[in-house]
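Chemist:
Chains as they are written, first to last, in the numbering used here: chain A, 78 to 286; chain B, 78 to 286.
So this is what it looks like as structure tokens:
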């Protein structure tokens, strides 16, 4: 079937949001942990992480300032730090529940069945249950004028994982950690490793490495 | 195991690139199809698609101007259009091979075993073998000053897919289309649907929908 731009424009807003979000495909799900200046912990699910560069190690994520994500955003801008926590596939319900609109003074850790872990010198809380934990320093906020969203860029400061998931060449297989991926606003997936392929060169077909 | 920022800084460049790229997790793989002003077709694999908004329907992707991606970038900026093509999991080798540094006048379609399809009024070529085809109009180029990468934003103009993958509420299950996901620079995955969960509310635990 074909959906053209005039049909897209005519869809009811909720239908279009579900369609366009899910069509963007499957992404790694992350819990972002933050703490407000007055000490309230916050954790929220995000799926818009993008790799920006490896040297320095920079990642970004898209944030909509007018949603439940605003607590996360305010805490990052005020404290300059946040944690990224991958999610075990058995915790999809807990992770999804962090997207409920809890009051700012309620910790989603407690409400959603996760455990806070503080790893000094970070004040932003990590998720104890996360198989892979990453500590981030806020670097840059980029305004996306076309629709008022933000690209939040941070640098990787700390990584904690099981060394069994790390190959000799630096590759980390997040499927070995049974991590959760997601699509759209509410769909969750697990992942099966197919293969790694050799560096692509014009004169040679890729092979498994 | 723990990797801190001083260890990260000391890693050899290639090791750090593999590590930081793969740690960003699993993403949907897309082939971006473009055509140059002088008529050369180009297709290249990308995995950095992010959802920017649904109304208007906007997606972005990260582009490094100093790599094999430069042909794609130049064609998008010159012609104002590009296609996004999801990849069947059986085509991972073909898709990976598009990342080889072919000369600008070589079509990766032919070299990598894909078939061009023109869908008017688009001049940018679609990938015939792609289970889901999306036509994009270039909207905005955002410079990420911190490391010289670009965020390329486009609006969705055209969608072609099998209606069996589309639910009544607008949800598209890309796993039903057997689409390929990837991690890092060379790892490929397939995906298994777990569940969709009900809209999260503070007073109610999510359930399958």
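We put the beta carbon where it would ideally sit given N, CA and C, even for glycine.
Quick check: is any heavy atom of the ligand MG less than 6 Å from the C-beta of residue 108/A?
Modeler: The ligand MG is not part of the structure shown, which contains no ligands of any sort.
Chemist: Hey, out of 117/A, 259/A, 258/A and 277/A, whose CA is closest to residue 187/A's CA?
Modeler: Stepping through the first chain from its first residue, residue 187/A is reached at position 110. Nearest option by C-alpha distance: 117/A.
Chemist: Whose Cβ in chain B lies nearer than 9 Å to the Cβ of residue 173/A?
Modeler: Along the first chain, one-based indexing puts residue 173/A at 96. Residues of chain B passing the Cβ test: 274, 275, 277 and 283.
Chemist: Provide the residue(s) that pair with residue 237/A in DSSP beta bridges, ordered along the chain.
Modeler: Numbered from its first residue, the first chain carries residue 237/A at position 160. Its beta-bridge partners are 210/A and 79/B.
Chemist: Measuring straight from C-alpha to C-alpha, what distance separates residue 99/A and residue 257/B?
Modeler: Here the question's residue 99/A lines up with position 22 in the first chain. Here the question's residue 257/B lines up with position 180 in the second chain. Rounded to the nearest angstrom, the two C-alpha atoms are 15 Å apart.
Chemist: Does the beta-carbon of residue 225/A have 16 or more other beta-carbons within 10 angstroms, so that it is buried, or is it exposed?
Modeler: For the purposes of this step, residue 225/A is identified with residue 148 of the first chain, where counting begins at 1. Its Cβ having fewer than 16 others within 10 Å, residue 225/A is exposed.
Chemist: What does residue 127/A reach in chain B if we use C-beta pairs closer than 7 Å?
Modeler: Counting from one through the first chain, the residue named residue 127/A turns up at place 50. Going along chain B in sequence order, the residues near residue 127/A (Cβ under 7 Å) are 125, 127 and 139.
Chemist: For residue 172/A, name the three-state secondary structure that DSSP assigns.
Modeler: Within the first chain, numbered from 1, the residue matching residue 172/A stands at position 95. DSSP places residue 172/A in helix when its eight states are reduced to three.
Chemist: Please report the straight-line C-alpha distance between residue 157/A and residue 213/A, rounded to a whole angstrom.
Modeler: Translated into the one-based positions of the first chain, residue 157/A becomes position 80. Translated into the one-based positions of the first chain, residue 213/A becomes position 136. Using only the alpha carbons, I get a separation of about 9 Å.
Chemist: Rounded to whole angstroms, what is the Cα-Cα separation between residue 160/A and residue 261/B?
Modeler: For the purposes of this step, residue 160/A is taken as residue 83 along the first chain, with counting starting at 1. For the purposes of this step, residue 261/B is taken as residue 184 along the second chain, with counting starting at 1. One C-alpha to the other measures close to 20 Å.
Chemist: Give me the residue from 105/A, 109/A, 81/A and 268/A with the minimum Cα distance to residue 204/A.
Modeler: Residue numbering aside, residue 204/A sits at position 127 when the first chain is read from its first letter. Minimum Cα distance to residue 204/A is reached at 109/A.
Chemist: Residue 133/A: which of 255/A, 278/A, 231/A and 253/A sits nearest, CA to CA?
Modeler: Locating residue 133/A in the first chain gives position 56, where the first residue counts as 1. Minimum Cα distance to residue 133/A is reached at 231/A.
Chemist: Based on the DSSP output, what are the partners of residue 130/A in its beta bridges?
Modeler: Residue numbering aside, residue 130/A sits at position 53 when the first chain is read from its first letter. Per DSSP, 135/A.
Chemist: Taking Cβ-Cβ distances shorter than 9 Å, what residues in chain B pair up with residue 248/A?
Modeler: As a working note, residue 248/A is residue 171 in the first chain. The contacting residues are 95, 96, 98, 99, 260, 261, 262, 263 and 264.
Chemist: Who are the neighbours of residue 219/A on chain B, taking C-beta pairs under 8 Å?
Modeler: By 1-based counting over the first chain, the position of residue 219/A is 142. Per Cβ cutoff of 8 Å: 219, 221 and 228.
Chemist: Among the candidates 183/B, 143/B, 170/B and 233/B, whose CA atom is the shortest distance from the CA of residue 130/A?
Modeler: Residue numbering aside, residue 130/A sits at position 53 when the first chain is read from its first letter. Ranking the options by Cα distance to residue 130/A, first place goes to 143/B.
Chemist: For the segment 149-164 of chain B, enumerate the residues whose C-beta is nearer than 9 Å to any C-beta of chain A, in chain order.
Modeler: Against chain A - using a Cβ distance shorter than 9 Å - the residues of the segment 149-164 of chain B are 163.
Chemist: Out of 154/B, 173/B and 181/B, which has the shortest C-alpha to C-alpha gap to residue 107/B?
Modeler: Here residue 107/B corresponds to residue number 30 of the second chain, with the count starting at 1. It is 173/B whose Cα lies nearest to the Cα of residue 107/B.
Chemist: Are there three or more Cβ pairs, one per stretch, closer than 8 Å when the segment 233-246 of chain A is compared with the segment 78-90 of chain B?
Modeler: As far as the Cβ criterion goes, the segment 233-246 of chain A touches the segment 78-90 of chain B, which means the pair count is three or higher.
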